[in-house]
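Peer 1: Before I ask anything, let me first share the structure, which is written out below as structure tokens.
Chains as they are written, first to last, in the numbering used here: chain A, 3 to 167; chain B, 349 to 458.
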């Protein structure tokens with residue numbers, strides 16, 4: 003059962019990834035990315051990461067993707083370039099990507115896995131266990147991310163302001 | 349085998365998840381290299397960040413250690429900040445001029 007879920011949503015994620023890079027219309031690419039994110043969230047649930055699953059759906063598939071859709075709607079319909087200026091680069095990058103994937107695959111064959119820590123899997127990845135980690139050991143990085151978000155918000159407001167002059 | 353997982357009674361190998369993440373990351377890299385629309389390039393970067401998140405969560409489950417999931421949450425925050433600033437820059441550029449190809453932004457070329 004779990005293997006069937008993995009195969010279905012893994013294939014869906016791969017298909018969505020192909021959609022992201024092949025569709026001509028940007029809006030279709032964004033919707034394919036939503037498919038990828040939703041199937042990845044199911045895989046997170048399979049890996050007993052419940053909190054990451056919920057955050058993936060709310061923050062990624064919800065907020066970030068809506069932001070992308072807003073920008074596409076703001077910029078108007080896509081002006082499709084009649085002919086790509088890239089001639090040999092496409093084939094070259096496909097070759098590079100194949101070589102890169104081959105390297106990753108070869109590396110995965112020789113991975114030495116450490117013996118797992120023996121934690122209670124019944125509470126693994128729940129909101130409570132994540133919160134204990136975030137608010138005790140990793141409190142400092144957690145507070146730093148709030149500074150990062152503040153900087154990003156101020157930067158976005160500054161960049162998108164209207165010129166009064 | 350040390351890399352095996354027991355999920356809902358089925359035997360998994362953690363390398364399946366890693367291989368899927370590697371494939372998604374490669375697709376994102378191809379998107380950045382091939383596509384010329386700046387919006388699609390940003391979307392491909394998001395795809396790559398998501399693939400890395402899958403790797404982190406898979407290792408977190410295999411090692412039964414929560415730190416991978418915490419790091420995945422940090423990655424999501426950074427990705428959201430990156431998307432916001434990237435899109436703001438893009439909107440600003442589009443306000444000044446029509447941009448079809450990211451190679452048109454070559455004013456700084458010597």
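Glycine is no exception: its CB is placed at the ideal position from the N, C-alpha and C atoms.
Everything numeric in this text was worked out from a predicted model, so none of it was measured.
With 16 other CB atoms within 10 Å as the buried threshold, where does residue 409 of chain B fall?
Peer 2: In the second chain, counting from the first residue as 1, residue 409 of chain B sits at position 61. Buried, by the Cβ-count rule.
Peer 1: By a C-beta neighbour count over all protein chains shown, 10 Å radius and 16 as the cutoff for buried, is residue 455 of chain B buried or exposed?
Peer 2: What you label residue 455 of chain B is simply residue 107 of the second chain in a count that begins at 1. By the neighbour-count rule (16 or more Cβ atoms within 10 Å), residue 455 of chain B is not buried but exposed.
Peer 1: So is residue 160 of chain A buried or exposed if we call it buried at 16+ other beta carbons inside 10 Å?
Peer 2: Working through the first chain from its first residue, we reach residue 160 of chain A at position 158. Residue 160 of chain A is exposed by the Cβ-count criterion.
Peer 1: Within its chain, find whatever has a CB closer than 6 Å to the CB of residue 136 of chain A; leave out the 5 residues flanking it on each side and keep chain order.
Peer 2: To locate residue 136 of chain A, count along the first chain from 1; it is residue 134. So the list reads 144, once near-sequence residues are dropped.
Peer 1: Under 8 Å, do residue 412 of chain B and residue 120 of chain A count as touching if we go by C-beta distance?
Peer 2: To locate residue 412 of chain B, count along the second chain from 1; it is residue 64. To locate residue 120 of chain A, count along the first chain from 1; it is residue 118. Yes, these two residues count as a Cβ contact at 8 Å.
Peer 1: Taking 8 Å as the cut-off, decide whether the C-beta atoms of residue 35 of chain A and residue 391 of chain B are in contact.
Peer 2: Along the first chain, one-based indexing puts residue 35 of chain A at 33. Along the second chain, one-based indexing puts residue 391 of chain B at 43. For residue 35 of chain A and residue 391 of chain B, yes; Cβs fall inside 8 Å.
Peer 1: CA-CA distance, residue 382 of chain B and residue 352 of chain B?
Peer 2: As a position in the second chain, residue 382 of chain B is number 34, starting the count at 1. As a position in the second chain, residue 352 of chain B is number 4, starting the count at 1. Computed Cα separation, rounded: 36 Å.
Peer 1: With a threshold of 16 other CB atoms inside 10 Å of the CB of residue 417 of chain B, please say whether the residue is buried or exposed.
Peer 2: The residue given as residue 417 of chain B occupies position 69 in the second chain. Buried is the call here.
Peer 1: In its own chain, which residues sit with a C-beta less than 6 Å from the C-beta of residue 399 of chain B, not counting the 5 before and 5 after it?
Peer 2: Position 51 of the second chain, counted from the first residue, corresponds to residue 399 of chain B. Within the same chain, residue 399 of chain B has close Cβ partners 369, 372, 373.
Peer 1: For residue 27 of chain A, write down the residues that DSSP places opposite it in a beta bridge.
Peer 2: Position 25 of the first chain, counting from 1, holds the residue named residue 27 of chain A. The partner list for residue 27 of chain A (beta bridge, DSSP) is empty, contrary to what the question assumes.
Peer 1: Helix, strand or coil for residue 117 of chain A, going by three-state DSSP, please let me know.
Peer 2: Looking up residue 117 of chain A in the first chain gives position 115. The answer is coil: DSSP assigns residue 117 of chain A none of H, G, I, E or B.
Peer 1: Between residue 455 of chain B and chain A, is the shortest Cβ-Cβ distance under 8 Å, so that the two count as touching?
Peer 2: Taking the second chain and counting its residues from 1, the one referred to as residue 455 of chain B is at position 107. Residue 455 of chain B does not count as touching chain A.
Peer 1: Looking at chain A, is there any beta carbon in it that lies within less than 8 Å of the beta carbon of residue 425 of chain B?
Peer 2: Indexing the second chain from 1 puts residue 425 of chain B at position 77. Yes, because at least one Cβ of chain A sits closer than 8 Å to the Cβ of residue 425 of chain B.
Peer 1: What three-state label does DSSP hand residue 137 of chain A in the structure shown?
Peer 2: For the purposes of this step, residue 137 of chain A is identified with residue 135 of the first chain, where counting begins at 1. Note: residue 137 of chain A maps to helix in three-state DSSP.
Peer 1: Under 9 Å Cβ-Cβ, which residues of chain B neighbour residue 135 of chain A?
Peer 2: Taking the first chain and counting its residues from 1, the one referred to as residue 135 of chain A is at position 133. Chain B residues near residue 135 of chain A: 414, 415, 417, 418.
Peer 1: What three-state label does DSSP hand residue 440 of chain B in the structure shown?
Peer 2: Position 92 of the second chain holds residue 440 of chain B. Helix, per DSSP.
Peer 1: Can you confirm whether the stretch 43–53 of chain A touches the stretch 124–141 of chain A when touching is taken to mean that 3 or more C-beta pairs between the two stretches lie within less than 8 Å?
Peer 2: Verdict: yes, contact present.
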